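Participant: The structure under discussion is supplied below as structure tokens; questions concerning it will follow.
There are 2 protein chains.
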Amino acid sequence: MRIIIDAMGGDNAPGAIVAGAVRAARELDTELVLVGRGAEILQALEKQGIATLPKGMEVANAEDVVDMHDDPATVVRKRRDSSMVVGLRMLAEEKGDAFISAGSTGALLSAATLIVKRIPGIRRAAMAPVLPTAAGRCVLIDCGANAECTPEFLLQFACMGAFYAKRSLGMETPRVGLLNIGAEDTKGTELQREAHRLLQQLSERGTIRFIGNVEARDVPLGAADVVVADGFSGNILLKTMEGTAKFMSAQLKSIFMRNLLTKLSALFCRSGVQKLRRMMDYREVGGTPFLGITKPIIKAHGSSDELAIYNAVRQAADAVRGDLAAAIGENLEQITVPKELEHVE
Amino acid sequence: MRIIIDAMGGDNAPGAIVAGAVRAARELDTELVLVGRGAEILQALEKQGIATLPKGMEVANAEDVVDMHDDPATVVRKRRDSSMVVGLRMLAEEKGDAFISAGSTGALLSAATLIVKRIPGIRRAAMAPVLPTAAGRCVLIDCGANAECTPEFLLQFACMGAFYAKRSLGMETPRVGLLNIGAEDTKGTELQREAHRLLQQLSERGTIRFIGNVEARDVPLGAADVVVADGFSGNILLKTMEGTAKFMSAQLKSIFMRNLLTKLSALFCRSGVQKLRRMMDYREVGGTPFLGITKPIIKAHGSSDELAIYNAVRQAADAVRGDLAAAIGENLEQITVPKELEHVE
Chain A
3 MRIIIDAMGG
13 DNAPGAIVAG
23 AVRAARELDT
33 ELVLVGRGAE
43 ILQALEKQGI
53 ATLPKGMEVA
63 NAEDVVDMHD
73 DPATVVRKRR
83 DSSMVVGLRM
93 LAEEKGDAFI
103 SAGSTGALLS
113 AATLIVKRIP
123 GIRRAAMAPV
133 LPTAAGRCVL
143 IDCGANAECT
153 PEFLLQFACM
163 GAFYAKRSLG
173 METPRVGLLN
183 IGAEDTKGTE
193 LQREAHRLLQ
203 QLSERGTIRF
213 IGNVEARDVP
223 LGAADVVVAD
233 GFSGNILLKT
243 MEGTAKFMSA
253 QLKSIFMRNL
263 LTKLSALFCR
273 SGVQKLRRMM
283 DYREVGGTPF
293 LGITKPIIKA
303 HGSSDELAIY
313 NAVRQAADAV
323 RGDLAAAIGE
333 NLEQITVPKE
343 LEHVE
Chain B
3 MRIIIDAMGG
13 DNAPGAIVAG
23 AVRAARELDT
33 ELVLVGRGAE
43 ILQALEKQGI
53 ATLPKGMEVA
63 NAEDVVDMHD
73 DPATVVRKRR
83 DSSMVVGLRM
93 LAEEKGDAFI
103 SAGSTGALLS
113 AATLIVKRIP
123 GIRRAAMAPV
133 LPTAAGRCVL
143 IDCGANAECT
153 PEFLLQFACM
163 GAFYAKRSLG
173 METPRVGLLN
183 IGAEDTKGTE
193 LQREAHRLLQ
203 QLSERGTIRF
213 IGNVEARDVP
223 LGAADVVVAD
233 GFSGNILLKT
243 MEGTAKFMSA
253 QLKSIFMRNL
263 LTKLSALFCR
273 SGVQKLRRMM
283 DYREVGGTPF
293 LGITKPIIKA
303 HGSSDELAIY
313 NAVRQAADAV
323 RGDLAAAIGE
333 NLEQITVPKE
343 LEHVE
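Protein chains in written order, with this note's numbering: chain A, 3 to 347; chain B, 3 to 347.
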């Protein structure tokens with residue numbers, strides 16, 4: 003297995019990216035290709051005390067870098083020599099099995115769709131981060147790639163999320179829930195009602211295990227293993243969890259700072275509180291996979307450090323082994339809605 | 003001022019409702035009317051050790067009770083003698099200035115709209131709970147009454163939220179933000195883009211202070227005083243905050259339970275942690291006002307206890323003093339969009 007990494011994407015590139023890749027090359031059984039400005043990558047390696055490339059690691063030169071201000075739609079054309087575009091082209095040309103970038107989300111999504119293409123039959127690629135829950139974790143799909151969705155998109159997200167959870171995350175028979183504002187199947191908008199009907203059908207055929215609507219309140223409490231949402235409400239869910247956790251962590255800090263005894267308590271509870279804070283920081287879990295592209299693409303967070311990149315490589319390897327494209331291919335008929343039956347576009 | 007209370011609504015009725023009302027009658031400068039089964043109300047009063055009605059408190063008889071399983075649309079017709087419908091009729095007939103119920107949300111919304119009517123020019127009533135934030139608190143409008151919205155609805159929600167925050171909650175010049183998935187005004191769906199344009203116009207006229215899009219992550223961190231959303235995404239925001247807080251509280255509990263020293267810490271931090279837990283339980287703040295009805299209506303939580311009802315009475319009194327209907331009347335022209343300019347319906 004060979005994983006291509008954009009060495010120039012993100013706030014800490016190329017240093018943290020190279021460091022994470024070095025660790026992955028040593029500890030994981032994968033070959034790695036670092037794409038970016040050769041000189042800078044070698045310099046970063048030297049800083050790690052590495053004079054020659056570790057076994058299984060290569061560098062592919064790319065002189066340009068995608069900027070956070072670049073218009074995602076024009077990146078493929080205007081930044082053709084960037085590490086992101088060169089890396090994605092290598093992926094499309096089968097010079098690797100997966101691609102990781104900590105660069106601009108919009109640019110990566112747009113370039114991945116144009117260069118690596120969607121899995122045949124899949125209408126939209128979606129972002130599927132893994133969130134912490136009381137039951138362990140859950141996959142949220144979509145969380146922002148598609149603000150506007152049709153019921154068929156949601157049907158396909160559900161399938162991709164369930165297959166990913168099963169084949170790459172090792173969940174046995176993931177419980178798939180539809181994010182909604184009530185439990186009854188009449189709740190929500192036309193989008194949710196129609197998606198509910200399609201998901202029910204798919205569940206009756208045994209393709210996925212649909213457990214019905216799931217309310218946002220119950221997502222952190224572990225009510226579903228895969229939460230299906232349009233990109234708008236999925237984003238609201240994801241970001242509210244993040245903001246609430248941040249808010250509560252700050253409140254907790256001030257509780258511990260109150261007096262001598264509470265400061266002592268902070269010391270006693272330190273490891274637990276740190277673990278909780280890390281758990282609530284979903285970026286720590288690794289990157290966000292884009293599901294629906296022919297090959298695995300992992301968006302690592304912009305502020306990724308060495309550990310985050312290492313985790314993203316592990317995640318990419320799991321995604322390669324899961325082979326979502328094959329699973330989708332086998333079930334394509336069941337997750338495509340004839341155009342004339344589509345209600346919303 | 004005279005506040006009408008549905009004595010039979012909610013899980014703890016009539017006991018908790020009557021107890022909260024008694025406390026309000028004693029401590030607040032308002033007259034109260036308890037609507038419901040007279041015999042049961044008097045029995046509940048007796049349990050409080052009260053033989054005769056306190057000064058300023060009355061009982062209005064209503065033999066029926068709205069059930070949680072009643073279809074909201076038929077409550078006015080099928081439950082005409084219920085405490086909820088009788089109370090709302092009294093409000094419409096000016097026998098009181100506000101109405102409080104801990105009964106079914108859907109039934110209350112539907113019956114309030116039919117009996118007490120919307121403020122002329124207002125297209126939809128909205129639910130506007132007050133949420134805890136790092137900056138103190140914020141009003142979220144809507145959070146579930148209207149799953150599908152037009153840009154004009156959001157414009158009106160913004161105005162109602164801002165006027166309510168200013169006139170009833172005492173916020174000086176509330177910062178109004180539009181819930182969206184990014185800061186740029188091109189973000190979101192057509193609904194958000196068009197609402198952004200309308201809100202910008204209203205802000206330029208000085209009617210409200212619009213600060214642009216606000217991301218869900220920044221809501222708990224206090225980025226806005228009034229958060230405007232369609233009922234679907236508002237509900238996702240509200241419920242995710244609730245679920246995340248619940249999840250983190252449980253995690254915190256297990257951190258404190260780990261060993262002898264952490265158990266000791268729990269003791270030291272107890273008052274702070276309890277305060278935090280109370281703060282995150284938005285029900286404690288009081289009820290959720292329905293904005294857009296000609297007179298103040300407060301939905302108290304179904305599990306309201308004595309304190310929650312007492313707080314709801316205080317909140318109802320603040321709402322009466324704020325006189326939202328008058329404020330809307332003065333600004334009606336600015337918050338109505340000519341039908342031919344409405345993009346979505």
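From the three backbone atoms N, C-alpha and C, an ideal C-beta is built for every residue, glycine too.
A quick note: this is a predicted structure, and the numbers were derived from the prediction, not measured.
Looking at the unbroken alpha helix (DSSP H) that takes in A/D320, where does it start and where does it end?
Facilitator: Along the first sequence, one-based indexing puts residue 320 of chain A at 318. Note, A/D320: alpha helix (DSSP H), 308-324.
Participant: So for B/V178, helix, strand or coil by DSSP?
Facilitator: Start at 1 with the first residue of the second sequence, and residue 178 of chain B comes out as number 176. Three-state result, B/V178: strand.
Participant: Tell me whether B/R4 sits in a helix, a strand or coil according to DSSP, three-state version.
Facilitator: As a working note, residue 4 of chain B is residue 2 in the second sequence. In this structure, B/R4 counts as strand in the three-state DSSP scheme.
Participant: Report the three-state DSSP secondary structure of B/A329 (helix, strand or coil).
Facilitator: By one-based count along the second sequence, residue 329 of chain B stands at place 327. It is helical.
Participant: If you follow the alpha helix (DSSP H) that B/R195 is part of, which residue opens it and which one closes it?
Facilitator: Walking along the second sequence from the start, residue 195 of chain B turns up at place 193. Membership of B/R195 in the alpha helix (DSSP H) is indicated by the continuous run 192-206.
Participant: Would you mind listing the alpha helix (DSSP H) stretches within the region 89-163 of chain B that are 4+ residues and don't spill past its ends, in chain order?
Facilitator: 107-117
Participant: I'd like to know whether the C-beta atoms of B/I299 and B/A94 end up nearer to each other than 8 angstroms.
Facilitator: On the second sequence, position 297 is the one that residue 299 of chain B refers to. On the second sequence, position 92 is the one that residue 94 of chain B refers to. No; because the gap between Cβ atoms is not below 8 angstroms, this pair is not in contact.
Participant: Taking 8 angstroms as the threshold (beta carbon to beta carbon), is B/G105 in contact with chain A?
Facilitator: Mapped onto the second sequence, residue 105 of chain B falls at position 103. So, not an interface residue.
Participant: With DSSP as the reference, identify every bridge partner of B/E42, one or two as the case may be.
Facilitator: Residue mapping note: residue 42 of chain B aligns to position 40 of the second sequence, counting from 1. Answer is none; B/E42 lacks a bridge partner.
Participant: Grouping DSSP H, G and I as helix and E and B as strand, with all else coil, what is B/S2?
Facilitator: Since the first residue shown for chain B is 3 and the last is 347, residue 2 of chain B is missing from the structure and cannot be characterised.
Participant: Which first and last residues belong to the beta strand (DSSP E) in which B/I299 is found?
Facilitator: Numbered from 1 along the second sequence, position 297 holds the residue referred to as residue 299 of chain B. Unbroken beta strand (DSSP E) run through B/I299: 299-301.
Participant: Short of 6 angstroms in beta carbon distance, which residues of its chain neighbour B/A164, apart from the five on each side in sequence? Order them along the chain.
Facilitator: Indexing the second sequence from 1 puts residue 164 of chain B at position 162. Excluding residues within five positions, the ones whose Cβ falls inside 6 angstroms are P176, V178, I210, V228.
Participant: Taking the straight line between their C-alpha atoms, what separation do you get for A/H198 and B/M70?
Facilitator: The sequence position of residue 198 of chain A within the first sequence is 196, counting from 1. The sequence position of residue 70 of chain B within the second sequence is 68, counting from 1. Taking the CA atoms as reference points, A/H198 sits about 24 angstroms from B/M70.
Participant: A/E186 bridges to which residues according to DSSP?
Facilitator: Taking the first sequence and counting its residues from 1, one reaches residue 186 of chain A at position 184. In the DSSP output, where bridge partners are listed per residue, A/E186 has none listed.
Participant: Nearest-angstrom Cα distance between A/M86 and B/I121?
Facilitator: Counted from its first residue, the first sequence places residue 86 of chain A at position 84. Counted from its first residue, the second sequence places residue 121 of chain B at position 119. A/M86 and B/I121: Cα-Cα distance of roughly 55 angstroms.
Participant: A/T32 to A/R323, Cα distance in whole Å?
Facilitator: Residue numbering aside, residue 32 of chain A sits at position 30 when the first sequence is read from its first letter. Residue numbering aside, residue 323 of chain A sits at position 321 when the first sequence is read from its first letter. Going from the Cα of A/T32 to the Cα of A/R323 covers about 12 angstroms.
Participant: If we call anything under 8 angstroms between Cβ atoms a contact, is A/A109 one with A/V67?
Facilitator: By 1-based counting over the first sequence, the position of residue 109 of chain A is 107. By 1-based counting over the first sequence, the position of residue 67 of chain A is 65. No, Cβ-Cβ distance for A/A109 and A/V67 is not below 8 angstroms.
Participant: Could you confirm whether any beta carbon from chain B is found closer than 8 angstroms to the beta carbon of A/G288?
Facilitator: Walking along the first sequence from the start, residue 288 of chain A turns up at place 286. With 8 angstroms as the cut-off, A/G288 does not count as an interface residue toward chain B.
Participant: Could you confirm whether any beta carbon from chain B is found closer than 8 angstroms to the beta carbon of A/S112?
Facilitator: As a first step, residue 112 of chain A must be located in the first sequence, where it is residue number 110. In terms of beta-carbon proximity, A/S112 stays away from the interface with chain B, with every pair separated by 8 angstroms or more.
Participant: Would A/L180 and A/N237 qualify as a contact pair, given that the criterion is a beta-carbon distance under 8 angstroms?
Facilitator: The count along the first sequence starts at 1 and reaches residue 180 of chain A at position 178. The count along the first sequence starts at 1 and reaches residue 237 of chain A at position 235. No.
Participant: Is B/C151 closer than 8 angstroms to B/L193 when the C-beta atoms are compared?
Facilitator: If you number the second sequence from 1, residue 193 of chain B lands on position 191. If you number the second sequence from 1, residue 151 of chain B lands on position 149. Yes, these two residues count as a Cβ contact at 8 angstroms.
Participant: On a Cα-Cα basis, can you pick out the residue from A/L36, A/S106, A/L240, A/G58 that is closest to A/D144?
Facilitator: As a working mapping, residue 144 of chain A is identified with position 142 in the first sequence. Comparing Cα positions, the closest option is A/L240.
Participant: Report the residue from A/K277, A/I257, A/A100, A/R280 whose alpha carbon sits nearest the alpha carbon of B/Q276.
Facilitator: Translated into the one-based positions of the second sequence, residue 276 of chain B becomes position 274. When only C-alpha atoms are compared, the closest one is A/I257.
Participant: Suppose contacts are defined by Cβ-Cβ distances below 8 angstroms. Is B/A1 in contact with B/V20 by that definition?
Facilitator: For chain B, the structure presents residues 3 to 347; residue 1 of chain B sits outside this window and is missing.
Participant: Leaving aside the five residues before and after A/A231 along the sequence, list all residues of the same chain whose C-beta is less than 6 angstroms from its C-beta, in chain order.
Facilitator: What you label residue 231 of chain A is simply residue 229 of the first sequence in a count that begins at 1. Excluding residues within five positions, the ones whose Cβ falls inside 6 angstroms are L181.
Participant: Can you find the residues in the same chain that come closer than 7 angstroms, C-beta to C-beta, to B/R81, ignoring five residues on each side of it along the sequence?
Facilitator: Working through the second sequence from its first residue, we reach residue 81 of chain B at position 79. Here the set comprises D66, V68, D72, V87.
Participant: Going by DSSP in three states, A/A30 sits in which element: helix, strand or coil?
Facilitator: Walking along the first sequence from the start, residue 30 of chain A turns up at place 28. For the record, residue 30 of chain A in the displayed sequence is Leu; it is not Ala. Of the three classes helix, strand and coil, the one that applies to A/L30 here is coil, per DSSP.
Participant: Give me the subset of the region 249-260 of chain A whose CB atoms are less than 9 angstroms from a CB atom of chain B, sorted by chain position.
Facilitator: F249, M250, S251, A252, Q253, L254, S256, I257, F258, R260
Participant: Check each candidate in B/A18, B/M162, B/T188 and name the one with the smallest Cα separation from B/A104.
Facilitator: As a working note, residue 104 of chain B is residue 102 in the second sequence. Here the closest residue by C-alpha is B/A18.
Participant: Output yes or no for whether 8 angstroms exceeds the beta carbon distance between B/G2 and B/D8.
Facilitator: The structure shown does not extend to residue 2 of chain B, since chain B is modelled only from 3 to 347, so the question has no answer here.
Participant: Excluding sequence positions up to five away, which residues of its chain have a Cβ less than 7 angstroms from the Cβ of A/I311?
Facilitator: Within the first sequence, residue 311 of chain A is the residue found at index 309, counting from 1. For A/I311, where only same-chain residues beyond five positions count, the Cβ hits under 7 angstroms are A18, I19, G22, A23, A302.
Participant: Starting from A/V221, find everything on chain B with Cβ-Cβ shorter than 8 angstroms and list it in chain order.
Facilitator: For this step, residue 221 of chain A is matched to residue 219 along the first sequence. The answer, in chain order, is T242, G245.
Participant: Could you tell me which chain B residues have their CB closer than 8 angstroms to the CB of A/T76, listed as they occur along the chain?
Facilitator: Stepping through the first sequence from its first residue, residue 76 of chain A is reached at position 74. Within chain B, no residue comes near A/T76; the closest Cβ sits about 15 angstroms away, beyond 8 angstroms.
Participant: Just confirm the distance between the C-beta atoms of B/M92 and B/A62, as a whole number of angstroms; I'd bet it's less than 8 angstroms.
Facilitator: One-based indexing of the second sequence puts residue 92 of chain B at position 90. One-based indexing of the second sequence puts residue 62 of chain B at position 60. Indeed they touch by this definition, with Cβ atoms about 7 angstroms apart.
Participant: Taking a Cβ distance cut-off of 7 angstroms, strictly less, list which residues of the region 204-235 of chain A are near chain B, in chain order.
Facilitator: E217, A218, R219, D220, V221, P222, L223, F234, S235
Participant: Determine whether the Cβ of A/A197 lies closer than 8 angstroms to any Cβ atom of chain B.
Facilitator: Locating residue 197 of chain A in the first sequence gives position 195, where the first residue counts as 1. No, its Cβ sits nowhere closer than 8 angstroms to a Cβ of chain B.
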